Structure formats: C-alpha cells, structure tokens
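> Handing you this structure, nothing more for now.
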C-alpha cells in the first residue's frame, strides 16, 4: 500500500528511490499525514540540501536506486 499523500498533479510523476551512502545532517524526519484523499503514514525527510545537490558525483550522499516498479 502506498503511504504517500501527494497532490493529484504529482501522482503521475516518476517515483524515485535513493540509497543514503553517507550520513546527511541535519535531517528532520516526520510521519506523512493523510491528505489529498490518500492514506499517508509513510516517513518523510527534510534534507539540508536539494536531492540534486546530494547526488553530486564529486561528493555524493545519495545514490538513485533504479527500479522499474512503481
């Protein structure tokens, strides 16, 4: 079951997953509230930099997990 709560306009955007390869601090964590008619209850993270910056090949903190499943 999906545990996200996205606006309708975001539902068909690609779903991406990342592996953390170095500790990212500071990072805030919270539970996703049910919203937009969706169940929520997953975990969301507030990162100190954008995902694009954390994927920087010269100093990566994240690695994208390639998965064709949604």
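In the working numbering, the protein residues as written are 6 to 75.
Where a beta carbon is used, it is the ideal one built from N, C-alpha and C, also for glycine.
Please read all numbers here as calculations on a predicted model, not as lab measurements.
Count the CB pairs spanning the region 10-27 and the region 36-50 that are closer than 8 Å, and state whether there are at least three.
Counting Cβ pairs under 8 Å, three or more are found: they touch.
> Between 26, 8 and 56, which lies nearest to residue 35 when the distance is taken from Cα to Cα?
That would be 8, whose Cα lies nearest to the Cα of residue 35.
> Have a look at residue 71 and residue 21 and give me their C-alpha separation to the nearest angstrom.
One C-alpha to the other measures close to 8 Å.
> So, at 8 Å on beta carbons, what are the nonlocal neighbours of residue 12 in its own chain, with the 5 sequence-adjacent residues on each side left out?
These residues qualify, in order along the chain: 41.
> Taking 7 Å as the cut-off, does the CB of residue 71 come closer than this to any heavy atom belonging to the ligand MN?
Judged by which ligands are present, the structure shown has none, so any question about the ligand MN falls away.
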